[in-house]
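Novice:
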Amino acid sequence: MPELLGKDFIPPDIRGKVTGAAKYAEDFRMDGLVYCRLLTSPMPHARVRNIDLTEALRMAGVVDVLTADEVPEQPGAATNILTNEPHFVGEPILAVAAVDETTAQNAIEAIRLDLEPLPFCVDPLESLRPGGPNAYLEGNTVVPRQGVQELKWSTEDFEAAEEGQLPMGEPGAEWSYGDLEAGFSGTALTLDETFVTASHSHHSMEPRTALAYWENGKCHVRGSTQSQSFVVPGLANYIGIEPENLVYVAEYCGGGFGSKGSAYPCMAIPAYMSKKTGRPVLMRISRAEEYYLGSARPGFQGRIKMGFQEDGQISAVDLYIVQESGSNGGGGDMGAAASAVSIVYTPLAMRYRGISVLTNTPPRGAQRGPGQNQIAMAVEPLLDKAARQLGIDLVAIRRINAPTNDSRYGASRQPVTSAHLRDALDMGAEQFAWQERRARSGQRNGSKIRATAVGQAFHSAGASGFDGLVRITPDGVLHIHSGVGNLGTYSYASTSRVAADALKYDWDNCQIVRGDSSLGLPWNLGQFGSNTSFTMTRTNYAAAMDALRKLKEIAAIEFGGSAEDYDISGENVFSKSNPSRRMSYARAAQKAIELGGAYSGHTVPDDINPMTARAVASVVDTGLIGVARDNMGQSGMVPALAAGFIEIELDVETGKVEIIDYLGVADCGTVNHPQGLATQIKGGAVMGFGMALTERHLYDDVWGLPGSVGLYQAKPPSYLDVPSEMGWAAVNIADPENPVGSKGIGEPLMGCSAAALLCAISEALEGHYFNRTPVVTDMIVNAYSGQPQSHTPLQVNTQ
Amino acid sequence: MMKDMIPGFELIQPSSVEGALNLLEEYREDGWALAGGMDSLGWFKNRGKRPAAVIDLEGLDALRGIDETSNGIEIGALTTLTEVERNPLIRERFSLLSEAASKVASPQIRNAGTLGGNLCQDTRCWYYRYGVSCYRAGGNTCYAGATEALNREHAIFGANRCVAVSPSDTAIALVALDAEMVVRNSSGERVIKADSFFMEPAVDIMRMTVLNPEDLLIKVRIPNTWNGADFYFEKASDRGSWDFSLVSVASAIKSTGDRIDDARIVCGAVQCIPRRLQEVETMIRGQIRNEDTAAQAGSMAVQGAEPLDYNHFKIPLMENLVKRAVRG
Numbered sequence: 000m001p002e003l004l005g006k007d008f009i010p011p012d013i014r015g016k017v018t019g020a021a022k023y024a025e026d027f028r029m030d031g032l033v034y035c036r037l038l039t040s041p042m043p044h045a046r047v048r049n050i051d052l053t054e055a056l057r058m059a060g061v062v063d064v065l066t067a068d069e070v071p072e073q074p075g076a077a078t079n080i081l082t083n084e085p086h087f088v089g090e091p092i093l094a095v096a097a098v099d100e101t102t103a104q105n106a107i108e109a110i111r112l113d114l115e116p117l118p119f120c121v122d123p124l125e126s127l128r129p130g131g132p133n134a135y136l137e138g139n140t141v142v143p144r145q146g147v148q149e150l151k152w153s154t155e156d157f158e159a160a161e162e163g164q165l166p167m168g169e170p171g172a173e174w175s176y177g178d179l180e181a182g183f184s185g186t187a188l189t190l191d192e193t194f195v196t197a198s199h200s201h202h203s204m205e206p207r208t209a210l211a212y213w214e215n216g217k218c219h220v221r222g223s224t225q226s227q228s229f230v231v232p233g234l235a236n237y238i239g240i241e242p243e244n245l246v247y248v249a250e251y252c253g254g255g256f257g258s259k260g261s262a263y264p265c266m267a268i269p270a271y272m273s274k275k276t277g278r279p280v281l282m283r284i285s286r287a288e289e290y291y292l293g294s295a296r297p298g299f300q301g302r303i304k305m306g307f308q309e310d311g312q313i314s315a316v317d318l319y320i321v322q323e324s325g326s327n328g329g330g331g332d333m334g335a336a337a338s339a340v341s342i343v344y345t346p347l348a349m350r351y352r353g354i355s356v357l358t359n360t361p362p363r364g365a366q367r368g369p370g371q372n373q374i375a376m377a378v379e380p381l382l383d384k385a386a387r388q389l390g391i392d393l394v395a396i397r398r399i400n401a402p403t404n405d406s407r408y409g410a411s412r413q414p415v416t417s418a419h420l421r422d423a424l425d426m427g428a429e430q431f432a433w434q435e436r437r438a439r440s441g442q443r444n445g446s447k448i449r450a451t452a453v454g455q456a457f458h459s460a461g462a463s464g465f466d467g468l469v470r471i472t473p474d475g476v477l478h479i480h481s482g483v484g485n486l487g488t489y490s491y492a493s494t495s496r497v498a499a500d501a502l503k504y505d506w507d508n509c510q511i512v513r514g515d516s517s518l519g520l521p522w523n524l525g526q527f528g529s530n531t532s533f534t535m536t537r538t539n540y541a542a543a544m545d546a547l548r549k550l551k552e553i554a555a556i557e558f559g560g561s562a563e564d565y566d567i568s569g570e571n572v573f574s575k576s577n578p579s580r581r582m583s584y585a586r587a588a589q590k591a592i593e594l595g596g597a598y599s600g601h602t603v604p605d606d607i608n609p610m611t612a613r614a615v616a617s618v619v620d621t622g623l624i625g626v627a628r629d630n631m632g633q634s635g636m637v638p639a640l641a642a643g644f645i646e647i648e649l650d651v652e653t654g655k656v657e658i659i660d661y662l663g664v665a666d667c668g669t670v671n672h673p674q675g676l677a678t679q680i681k682g683g684a685v686m687g688f689g690m691a692l693t694e695r696h697l698y699d700d701v702w703g704l705p706g707s708v709g710l711y712q713a714k715p716p717s718y719l720d721v722p723s724e725m726g727w728a729a730v731n732i733a734d735p736e737n738p739v740g741s742k743g744i745g746e747p748l749m750g751c752s753a754a755a756l757l758c759a760i761s762e763a764l765e766g767h768y769f770n771r772t773p774v775v776t777d778m779i780v781n782a783y784s785g786q787p788q789s790h791t792p793l794q795v796n797t798q
Numbered sequence: 000m001m002k003d004m005i006p007g008f009e010l011i012q013p014s015s016v017e018g019a020l021n022l023l024e025e026y027r028e029d030g031w032a033l034a035g036g037m038d039s040l041g042w043f044k045n046r047g048k049r050p051a052a053v054i055d056l057e058g059l060d061a062l063r064g065i066d067e068t069s070n071g072i073e074i075g076a077l078t079t080l081t082e083v084e085r086n087p088l089i090r091e092r093f094s095l096l097s098e099a100a101s102k103v104a105s106p107q108i109r110n111a112g113t114l115g116g117n118l119c120q121d122t123r124c125w126y127y128r129y130g131v132s133c134y135r136a137g138g139n140t141c142y143a144g145a146t147e148a149l150n151r152e153h154a155i156f157g158a159n160r161c162v163a164v165s166p167s168d169t170a171i172a173l174v175a176l177d178a179e180m181v182v183r184n185s186s187g188e189r190v191i192k193a194d195s196f197f198m199e200p201a202v203d204i205m206r207m208t209v210l211n212p213e214d215l216l217i218k219v220r221i222p223n224t225w226n227g228a229d230f231y232f233e234k235a236s237d238r239g240s241w242d243f244s245l246v247s248v249a250s251a252i253k254s255t256g257d258r259i260d261d262a263r264i265v266c267g268a269v270q271c272i273p274r275r276l277q278e279v280e281t282m283i284r285g286q287i288r289n290e291d292t293a294a295q296a297g298s299m300a301v302q303g304a305e306p307l308d309y310n311h312f313k314i315p316l317m318e319n320l321v322k323r324a325v326r327g
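If you read the protein sequences in the order shown, they are chains A and B. Numbering of the first sequence is given in numbering that gives the first Met the number 0, commencing with residue 0 and proceeding in unit increments. Numbering of the second sequence is given in numbering that gives the first Met the number 0, commencing with residue 0 and proceeding in unit increments.
1. Which same chain residues, not among the five before or five after A:Ser-175, have their C-beta less than 8 angstroms away from its C-beta?
2. Which whole runs of the beta strand (DSSP E) in the region 566-618 of chain A are 3 residues long or more, in chain order?
3. In three-state terms, what does DSSP make of B:Leu-320?
4. Can you list, in chain order, the residues of its chain whose CB lies under 7 angstroms from that of A:Gly-168, leaving out five sequence neighbours each side?
5. Restricting to Cα atoms, I'd like to know which of A:Asp-720, A:Thr-536, A:Ala-588 is closest to A:Ala-546.
6. Looking at chain B, which residues of the region 697-711 of chain A have a Cβ within less than 9 angstroms of any of its Cβ atoms?
7. Taking all protein chains shown into account, decide if B:Met-205 is buried (16 or more other Cβ within 10 angstroms of its Cβ) or exposed.
8. For B:Tyr-134, count neighbouring Cβ atoms within 10 angstroms of its own Cβ and tell me buried if that reaches 16, exposed if not.
9. Which bits of chain B does A:Gly-654 rub up against, with CB to CB less than 9 angstroms?
10. According to a CB-to-CB cut-off of less than 9 angstroms, which residues of the region 89-109 of chain B neighbour chain A?
11. What is the DSSP secondary structure of A:Ser-314, counted as helix, strand or coil?
12. Can you give the Cα-Cα distance for A:Arg-421 and A:Met-749, rounded to whole angstroms?
13. Given a cut-off of 8 angstroms, decide if A:Ala-197 and A:Gln-804 are closer than it, judged by their beta-carbon atoms.
14. Tell me the DSSP secondary structure of A:Ser-228 in three-state form.
15. Return the chain-ordered list of same chain residues with a C-beta closer than 6 angstroms to the C-beta of A:Leu-179, the five sequence neighbours on each side being excluded.
16. If you follow the alpha helix (DSSP H) that B:Trp-125 is in, where does it begin and where does it stop?
17. Can you tell me where the beta strand (DSSP E) holding A:Ala-641 begins and where it ends?
18. In three-state DSSP terms, what is A:Asn-444?
19. Using the beta-carbon of each residue, which ones in chain B are nearer than 7 angstroms to A:Val-780?
20. My output table needs one value for B:Phe-196: the three-state DSSP class, helix, strand or coil.
21. So what does DSSP say about B:Pro-110, is it helix, strand or coil?
22. Whose CA, out of A:Ser-516, A:Gly-643, A:Leu-117, lies closest to the CA of A:Trp-433?
23. How many Å lie between B:Trp-125 and B:Tyr-142 at the Cα?
24. Please identify, using Cβ separations under 7 angstroms, the residues of the region 289-308 of chain B that lie next to chain A, in order along the chain.
25. Taking Cβ to Cβ, would you say A:Gln-227 is nearer than 8 angstroms to A:Gly-484?
26. Name, please, each residue of chain B whose Cβ falls closer than 8 angstroms to the Cβ of A:Pro-735.
27. Thinking C-beta only, is A:Arg-628 closer than 8 angstroms to A:Glu-243?
28. Could you compute how far the alpha carbon of B:Glu-84 sits from the alpha carbon of B:Lys-44?
29. My guess is that A:Glu-205 and A:Gly-253 are in contact by the Cβ rule of under 8 angstroms, so how many angstroms apart are they, rounded?
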């Protein structure tokens, strides 16, 4: 039985956050520091004709200017570090370094920038029309291995769709399984709905600030990223150096939500500016700039046809998604959305088609539940629509379609490691008093209607093949080297406790080494994709097992016999047959140094990543080294599944939605860290409420200008907009492919709450399906008043 | 577009009201009176307003506080919205105003923001705030009123080249309470009725109030006229906190039994100024306060509304809010 796992603890970074001692990227200062500000594009698509720096360079305090000609151009539809052809409003064109930020900004105002406006597009469907505008001069979609290409649908494609329905021309990606035609024949009910899910900014509280300087041939960067080791190769590539020549510090991250999982181009600007000026450079990104050049979740224009059998089982799904991929080609949301449908609803047959379209809006990238959460918002209210028409309870229709351990995932029909959504639904229904609340759902009190609903979501949540590194020093301390990063969930810490448990360590005798690549951090996957709980428990376990083996071997060398004759307890390794023959971990660590070789890191396994090998080399002879690649094998996809239960009160006269109560239930395998999970469930719920109800992402399609570039305009929920108390629960059934039973969970916790809220709003409005998310105030007021909606059926960026 | 970098300016911190007025007179269009900063700092950060001198009113204690007078109360313009919300005298006599103040933005903003600032703040039309050269910014077009413009938050009444709306929650309460604005400059003092304080674009498209650059709003007087009336305030917005109104309503109704003797009803965020519904007030005077009267009031309130592409939802929303205000 693990001593530490499953228990609450105080993660080591809490003290710094509470006291303010924690240093985020913009908290660092250095002698000789200069400040960098960006001249960004005022146009959605343009070409630089001329830049006159004369006046700016003459200004006192201006140190230098960095232009796009001095940094490498990124291939294809990628965001550039700096560019002479901006593809969205706010894309950096050049940077100015000065002794202070005000001077730098004043210099930017003194630059005479001559831009040639180019055609632009903020609506994917418009771009797909014959003769429609392209976001790039080369085209409007990214074709794998071919780069940006032009794809237009025919007039007939558009005419084939009925008014308000998504046209479905040539897709860029497609897959299917099962017999779709048979699946749709003889169904008790077929729904065919067109939908729009809006793009959403990431709203990271800490903007993507970076500081850089060069020292002894190495570039040192302090950045804001969710991940640590995973960032290094990409950032080194942007800077144009080898990964071993980058020192990367990212001890804290004030929110990323997917947008800071990997290196991003503007991080490299201070590095180039520092190289040019010979001085340390700090580039603080402001709140508004974060909205311009940060990133956003891709929006969907979609259509889904679902066939239901009489008992509610989904026999067939036909899904088409047009993905708004912004200026950089976006991410894999549309495919992930389709795969999510395949596992959450387990249709007997399914076809997916999708096309990713470039627009002149901010770069798109993964945001918590990329694809899975958008599709949850579109499909879950439809599931309710079907349940109502078929006379089935809303939980029951989900239960009958829910995945089991034998379910298959996506186009490849990949097996899953474990799936207990049905248990989550049952647990939630019981704890939320589902029947009792459903009995009063729909009741009206004046202008307010109560509604109770349920939502579900999924994300694949685990990976394997990464490296673990632990170290026992002669003072007896266990150092757990973690390269995963610190997104803010504390999972870097909870997963480290697996190593302590495996070595039967007192947690007070353990230290987590992290946040600075020069400390010797192994190659780990980034902290994204809900993978950390699964992936990092495995890597830390693998490293601990290596350390354990070495402890026993060292004891055998010292006392005789073989390693199998020894066991551990109380930070000692002892002979099972003669427990008086024992050696403390501290002594074993000293012995490891004396023995050298693999024991103290002189040799490392052949299969570990070069970054891990360098990490070991940096700590060689400092103690007993446990290092290993996670070779435990993985037979299938690791599904994180979640169900959210909600009760709301909707005022139909004002459109105001009050969330009365919420319960989130997770299928995350064994619970590692209860308090961390509770925070994830509640925090995910708040983020989901915003995605479903209040968040805005506006682009004027005449001028291409963004209308939501501040927190007060983009409207994520505040703590005053959500219940002060929300419930949480976990199925807590171990995943068989993780040594401690863990699975990730972060992302579906947002999708299930968003879906639940949307379902509840529909429920309050007698099953009205909005075909669009978020359901903002005007949509509710219009729906209840019987007025047409302002947003035409397939419009985007108007909410 | 947003710059997020305040430019340099001369910061002057007068220690007396007279000193402040002299500075405003001296700098005129190049000066800027800074109260809580909730609106001003946004403008400065965006470099959308670039005064040569910022006259910081922070040290003017004479402009703070809530006092009882022979005919009502006076509230200093620098009194914070939190103080307005919590003051026992205001809560007892004019809870309409405390309620309105409590709905402004967020607790943090109400702690720093002042009543005067809330009344004098600029409009929140996102095009104008973005920095486009619209009529209000001295240009020659209105971006928000154009076809297909994103104008969900904009006016359904009184558009005149500009379609922006008054963002102030307290303004509608003060108009409903027949408040008076005490305005002073270095030449003297004048008292302006609250319903004459706000500027229609047809008169001056570049100002939200009648204040001239050399003027300072000193205090707000609320007469006892509506003390004891039945008040109603409601703000419809996307978020429950930190949001501007989509539509708001403030009403004061005096009744004898069920019969309405007199009323004030004012709506916010539907016009560039607080929209007082005098015809509705007249119509309900003498009527029984019931569902029918409320429905008639709501219906009459929205007559003549002219929605833009994205804001016809404001019509039923305003109708509903007025109905609720009259229904009580």
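All C-beta atoms in this analysis are idealised placements derived from N, C-alpha and C, irrespective of residue type, glycine included. Computed from a predicted model, the values in this text were never measured in an experiment.
Specialist: Reading off the structure:
1. Counting only Cβ-Cβ distances below 8 angstroms, and skipping sequence neighbours, we find Ala-348, Met-349, Arg-350, Tyr-351, Ala-410.
2. Those beta strand (DSSP E) runs which fall completely within the region 566-618 of chain A and span 3+ residues are 571-574, 581-583.
3. Here B:Leu-320 sits in helix by DSSP.
4. Taking A:Gly-168 as the centre and dropping the five residues before and after it, the same chain places the C-beta of Leu-127, Trp-152, Ser-153, Asp-156 closer than 7 angstroms to its C-beta, in chain order.
5. Here the closest residue by C-alpha is A:Ala-588.
6. Cβ contacts with chain B: Leu-697, Tyr-698, Asp-699, Asp-700, Val-701, Trp-702, Leu-704, Pro-705, Gly-706, Ser-707, Val-708, Gly-709, Leu-710, Tyr-711.
7. Around the CB of B:Met-205, fewer than 16 other CB atoms lie within 10 Å, so the residue is classed as exposed.
8. By the neighbour-count rule (16 or more Cβ atoms within 10 Å), B:Tyr-134 is buried.
9. What A:Gly-654 touches in chain B, judged by beta-carbon distance under 9 angstroms, is Ala-235, Asp-237, Leu-245, Phe-312, Leu-316, going in chain order.
10. Residues passing the 9 angstroms Cβ filter: Ala-104, Ser-105, Pro-106.
11. In the three-state DSSP reduction, A:Ser-314 falls in the strand class (E or B).
12. Approximately 18 angstroms between the Cα atoms of the pair.
13. Residue 804 of chain A falls outside the range modelled here, since chain A spans only 0 to 798, and no answer is possible.
14. Correct three-state label for A:Ser-228: coil.
15. Non-local C-beta neighbours of A:Leu-179 in its own chain, meaning closer than 6 angstroms and more than five positions away in sequence, comprise Ala-315, Ala-348, Arg-350, ordered along the chain.
16. Start and end: 125-129.
17. Where A:Ala-641 is concerned, the enclosing beta strand (DSSP E) stretches over 638-650.
18. If DSSP states are grouped into helix, strand and coil, A:Asn-444 belongs with the strands.
19. By Cβ distance, chain B contributes Phe-312, Pro-315, Leu-316.
20. Residue state, collapsed to three classes: helix.
21. It is Asn, not Pro, that sits at residue 110 of chain B in the sequence shown. B:Asn-110 falls in the helix class under three-state DSSP.
22. A:Gly-643 is the residue among A:Ser-516, A:Gly-643, A:Leu-117 whose C-alpha sits nearest the C-alpha of A:Trp-433.
23. Using only the alpha carbons, I get a separation of about 10 angstroms.
24. Correct list: Asp-308.
25. Pairing A:Gln-227 with A:Gly-484 gives a Cβ-Cβ distance under 8 angstroms.
26. When 8 angstroms is used as the limit between beta carbons, A:Pro-735 is near no residue of chain B, the shortest such separation being about 44 angstroms.
27. At least 8 angstroms separates the beta-carbon of A:Glu-243 from that of A:Arg-628.
28. Approximately 29 angstroms between the Cα atoms of the pair.
29. Between A:Gly-253 and A:Glu-205 the Cβ distance is about 2 angstroms, and since that is below 8 angstroms, they are a contact.
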